[in-house]
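In the order they appear, the protein sequences are chains U and W. Going by our numbering, the residue at position 530 of the first sequence is 530; the numbering climbs one at a time, nothing skipped. Going by our numbering, the residue at position 52 of the second sequence is 52; the numbering climbs one at a time, nothing skipped.
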Amino acid sequence: MKKTTCKSSSMKELPEDLPPGCRGPVTVTAVAGRFSCCMEASAADIPPICNWLTTRQGYRFASIVIEEMPAEWLAHYIFYSDNGQGPVSISARVDKADNALPSISHLIHAADWHEREMEDLFGLVFEGHPRLGEFVLHEEWPEGTNPMKKDFDATVPYIDQGPSSSCSWHPPALVSESGAFMMPIGPVFSGFAESAHFLLETVGEDIIRMIPRFFYKYRGVEKTAEGLPADRALLLAERFSGTSAFAHSLAFCHAVEEIWGTRAPRRAVALRVMLAELERFRHHVAAIEGICSSTGLVVAASQVGILEEDILRLSCKFAGHRYLFGLNVPGGLQRDFSDSECLELAGAVKEIFVKLQDLEKRLRFSSSFLDRLEEVGTVSTEDAVDYGLVGPVARASGVSGDLRTCLPYGDYGSFEFSVPVEKEGDGYARLRILFQEAEQSNNIISQAVSSLPGGGVLQPLSPGARPAGAALGWAETPLGATFHWVRLEEDGRVARYRLTTPSFTNWHGFHLSVEGFAFQDFPIILATFGLSNAECDR
Amino acid sequence: MSGWVLKGLKTGIRTTLYPKVEEPAPGVSPGRPEGGGIAGNKKPAAVACPVAAITVHNKRVSVDYDKCIHCARCLPPAGAIFDKPAAGYEWAYKVPRDGVAAGGAGVAKTCSHSLHIKVVDGGACNACLSEVSQLTKPCYDMHRLGFFITPTPRDADLLLVVGPVTEHMKLPLKKAFEAMPEPKAVMAVGTCALSGGIFGPGFAAGGGVREFLPVDIAVPGCPPPPLAIIHGLLMAVGRKESVPSSTSPGPGSGREAK
Ligand code: SF4
Ligand code: SF4
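What follows is the structure, encoded as structure tokens:
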């Protein structure tokens with residue numbers, strides 16, 4: 001293990017000056033990729049180091065990655081901050097015979113669901129976590145099924161092993177007042193909502209407690225990717241959450257490009273920014289449509305719906321796909337666009353944006369609409385920090401954390417744009433963030449097309465040497481920060497693919513926004529969060 | 001409030017005229033690769049479809065739309081099997097069952113002018129669901145055709161399923177189907193729902209709706225654009241016919257152009 005110094009000045013002295021409660025030794029390992037610091041510590045030291053990073057050094061929790069080695073588990077805890085230094089990773093090894101890591105959830109609540117997921121999928125115990133057990137895999141999976149383990153055969157349809165005949169999910173009720181009852185919603189909804197299950201505990205009007213159950217859409221994407229060549233796994237990255245396809249394929253490409261030591265040409269980088277913002281623009285318009293229709297404001301919903309279809313057609317006309325599939329590849333873009341096409345696109349986006357602005361103005365004076373959003377579904381800044389919320393939802397509660405500025409990628413650094421932040425944390429604040437971000441996307445697109453670099457859009461990969469390795473790729477998707485951690489073998493096949501998505505992160509905190517609010521607000525709060533189950537469940 | 005009504009009136013009608021006339025607007029469909037003879041020196045070895053949707057037989061290329069995920073790798077500049085995607089969106093077809101393409105005949109008869117649809121998400125990536133949701137928005141407004149979304153399967157004539165059908169959605173899907181009164185039909189929308197798409201079959205994602213339910217109408221595409229879904233609905237109620245069987249894409253058979 002080579003000893004190097006951390007790029008981050010604040011963490012330079014770490015090996016000598018251990019965080020409180022840490023017994024050592026902590027080794028600073030070779031910095032890989034765009035990490036600012038990689039450390040290795042004993043499992044017992046993980047909680048104090050993580051705690052020190054978040055409480056003293058201003059880092060935010062990003063993800064936990066578990067890798068299975070022949071005799072041991074290798075765990076990576078990843079953090080990031082807006083200090084401009086790149087993410088930090090702390091690794092620990094545990095013997096397979098021990099099969100346990102200390103939980104960090106009591107210190108970093110954002111890690112709660114990560115630990116539950118790992119316990120369920122790897123059979124790894126997180127000591128001290130109070131709620132391990134069924135999480136991703138529902139009751140029909142036999143006890144002890146751990147699909148992420150290397151010896152699990154993922155090609156056999158599990159379905160053959162007998163369907164369960166009953167839905168036996170009955171979490172205990174906590175509200176014991178007379179007249180208390182539990183109201184189930186889902187997993188099949190009345191309209192087009194994605195499959196998910198919510199139990200609302202109540203004694204009348206107000207929701208006292210909400211218990212969600214997700215992973216109805218669990219397709220085992222992380223497992224399915226294992227053993228696939230990178231360019232095939234890319235198709236999974238692109239399609240597991242189709243409404244953020246471009247951003248997710250971008251994050252995946254970032255990771256693969258890092259491992260292979262290749263760089264997308266400057267023109268591709270600029271075009272990627274433009275396409276990513278086009279996707280964000282479309283996504284936010286669709287989310288605004290969802291909010292309007294959840295409040296029953298039909299004409300507004302129709303008007304925004306027209307704009308959504310306009311953007312879909314525009315994307316298709318421009319890029320050949322309504323949801324921007326089939327564009328990103330490691331090393332750049334699959335196809336180029338002429339400068340005049342790009343200018344035309346920017347002009348059309350602008351036109352749509354002007355129409356959107358007009359609708360925003362009208363919405364601001366629709367008092368019956370605002371009444372349904374204001375002071376409804378509130379998430380406090382403290383809670384948003386505790387749960388590590390990301391994206392527009394976090395920004396509506398005063399937490400910025402936009403990866404485009406925290407961990408700049410592409411050439412976002414060279415564009416002028418702002419990251420809007422609101423304080424109130426209610427439904428209306430979330431709506432305002434959507435409008436403001438749509439405006440910023442429009443700004444970025446027009447800047448990007450006005451200064452497109454020349455040259456090609458695809459860096460051909462050298463045919464022979466493709467180094468094995470691991471890297472973290474990230475992107476700010478329309479819903480917030482996503483981290484794609486990829487390990488590739490020498491033959492370019494995926495050994496491990498870990499997907500951390502904004503919907504997974506934010507669903508964790510969703511209950512905060514509905515508890516204490518009335519039943520009839522539930523669909524509206526749901527719409528203002530606008531999360532995706534496909535993205536969460538993977 | 002009156003402002004909204006005026007705004008609505010001022011916008012005019014944006015709804016497509018399909019199926020009376022073809023929709024000419026660019027961008028309503030991404031098109032798709034369409035098979036045919038191999039041009040000149042293009043070698044079958046160049047067929048590098050990631051999901052093996054392209055087969056070459058007797059110097060003719062055919063595409064299995066149950067598998068094609070619209071990755072564009074067979075189209076320029078990435079690949080050179082096809083020159084450009086073939087335009088159009090009338091992609092739906094009746095699923096031949098026991099050799100006869102007559103599934104859902106009861107629904108076609110009784111629901112020809114009013115069809116109630118129950119949508120079930122069997123683990124779709126959201127793009128398919130998003131396209132389905134466009135159907136009720138102004139540009140497609142399927143209500144004008146007598147198609148309605150119903151909240152409960154008990155009122156539904158047609159079950160519209162998207163996604164590969166995950167292990168966890170198997171039971172809810174089955175229950176929804178069983179709760180529907182006769183006559184009933186099933187429409188599978190999207191490549192995932194037809195074959196498992198990019199996800200399945202695997203340990204958690206199924207290999208499409210056909211594994212669990214009798215499918216009457218299939219709408220290929222990743223995702224199929226709204227007009228393709230409308231085409232499928234019209235077919236379900238007998239207002240559009242399946243493409244003639246000589247070019248009909250059956251499961252695994254592929255479709256060849258003249
Ligand atoms: S577009 Fe369809 S047929 Fe062409 S390579 Fe991709 S999946 Fe295969
Ligand atoms: S068919 Fe394509 S768009 Fe539809 S759910 Fe599957 S991956 Fe998504």
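Every residue gets a Cβ at the ideal spot worked out from N, C-alpha and C, and that includes glycine.
Supposed close pair residue i, residue j - CB separation, criterion 8 Å
| i | j | result |
| --- | --- | --- |
| I229(W) | V132(W) | 6 Å |
| D426(U) | T505(U) | Going by Cβ atoms, the distance from D426(U) to T505(U) rounds to 20 Å, so no, they are not a contact pair. |
| S294(U) | A527(U) | 4 Å |
| S532(U) | S241(U) | 6 Å |
| I117(W) | T191(W) | With 8 Å as the limit, I117(W) and T191(W) do not qualify as a contact, their Cβ atoms being about 20 Å apart. |
| Y18(W) | P220(W) | That belief does not hold up - the Cβ atoms of Y18(W) and P220(W) are roughly 18 Å apart, past 8 Å. |
| L30(W) | Q134(W) | Residue identity check: residue 30(W) is Pro in the sequence provided, not Leu. About 14 Å; that fails the 8 Å criterion. |
| G469(U) | I259(U) | 4 Å |
| A225(U) | V494(U) | 5 Å |
| V26(U) | D45(U) | 7 Å |
Cβ-heavy atom distance, residue i to ligand 2, below 7 Å
| i | result |
| --- | --- |
| V162(W) | yes |
| G425(U) | no |
| C536(U) | no |
| P223(W) | yes |
Any non-hydrogen atom of ligand 1 within 7 Å of residue i CB
| i | result |
| --- | --- |
| P259(W) | Residue numbering for chain W in the displayed model covers 1 to 258; residue 259(W) lies beyond these limits and cannot be assessed. |
| V63(W) | yes |
| R232(U) | no |
| H70(W) | yes |
| P33(W) | yes |
| R60(W) | no |
| R395(U) | no |
| I54(W) | yes |
| C316(U) | no |
| R335(U) | no |
| R239(U) | no |
| C128(W) | no |
| C125(W) | no |
| R73(W) | yes |
Boundaries (first-last residue) of the alpha helix (DSSP H) holding residue i
| i | result |
| --- | --- |
| S548(U) | With chain U covering 1 to 538 only, the question about residue 548(U) has no answer from this structure. |
| V486(U) | Careful: V486(U) lies outside any alpha helix (DSSP H), inside the beta strand (DSSP E) at G480 to L488. |
| L512(U) | P502 to V514 |
| I311(U) | V298 to A319 |
| F181(U) | Taken as a continuous stretch (DSSP letters only), F181(U) belongs to no alpha helix (DSSP H), being part of the beta strand (DSSP E) at F181 to I185. |
| E540(U) | Within the shown structure, residues of chain U are numbered from 1 to 538, placing residue 540(U) beyond reach of any answer. |
| I230(W) | P226 to A236 |
Cβ-heavy atom distance, residue i to ligand 3, below 7 Å
| i | result |
| --- | --- |
| I198(W) | This structure does not include ligand 3; its bound ligands are ligand 1 and ligand 2. |
Identity of the residues DSSP links to residue i by a beta bridge
| i | result |
| --- | --- |
| N328(U) | L333(U) |
| G89(U) | The sequence shown places Ser at residue 89(U), not Gly. Answer by DSSP bridge pairing, in chain order: C38(U) and I78(U). |
| K94(W) | I217(W) |
| F147(W) | L115(W) |
| G473(U) | H484(U) |
| W73(U) | E68(U) and V94(U) |
| M142(W) | M142(W) is not bridged to any residue. |
| M187(W) | L160(W) and I217(W) |
Endpoints, the beta strand (DSSP E) within which residue i is located
| i | result |
| --- | --- |
| K118(W) | L115 to D121 |
| F522(U) | Per DSSP, F522(U) belongs to no beta strand (DSSP E); it is in the alpha helix (DSSP H), F522 to F529. |
| F61(U) | R60 to E68 |
| V63(W) | R60 to V63 |
| M148(U) | Segment: none, M148(U) is in no beta strand (DSSP E) and carries neither H nor E. |
| E201(U) | H197 to T202 |
| M210(U) | I207 to R213 |
| I54(W) | I54 to H57 |
| F435(U) | Element bounds for F435(U): not the beta strand (DSSP E) but the alpha helix (DSSP H), G427 to S450. |
| E127(U) | V125 to E127 |
| T27(U) | T27 to T29 |
Is it the case that the region 145 to 161 of chain W contacts the region 198 to 210 of chain U, given that we only count it when at least three CB pairs across the two stretches are under 8 Å? no
The region 48 to 56 of chain U touching the region 97 to 109 of chain U, judged by at least three CB pairs closer than 8 Å: yes
Just checking, does the region 445 to 453 of chain U make contact with the region 189 to 199 of chain U on the three C-beta pairs under 8 Å criterion? no
For the 8 Å Cβ check, are there 3 or more pairs between the region 390 to 398 of chain U and the region 475 to 493 of chain U? yes
Per the contact definition of three or more C-beta pairs closer than 8 Å, is the region 197 to 204 of chain U in contact with the region 140 to 156 of chain W? no
Would you say the region 408 to 416 of chain U touches the region 265 to 284 of chain U, given that touching needs at least three Cβ pairs under 8 Å? yes
Is it true that the region 222 to 233 of chain U meets the region 288 to 305 of chain U, where meeting means three or more beta-carbon pairs spaced less than 8 Å apart? no
Three Cβ pairs or more, each shorter than 8 Å: is that satisfied between the region 241 to 251 of chain U and the region 130 to 143 of chain U? no
Using 8 Å as the Cβ pair cut-off and three pairs as the minimum, do the region 369 to 388 of chain U and the region 91 to 100 of chain U touch? no
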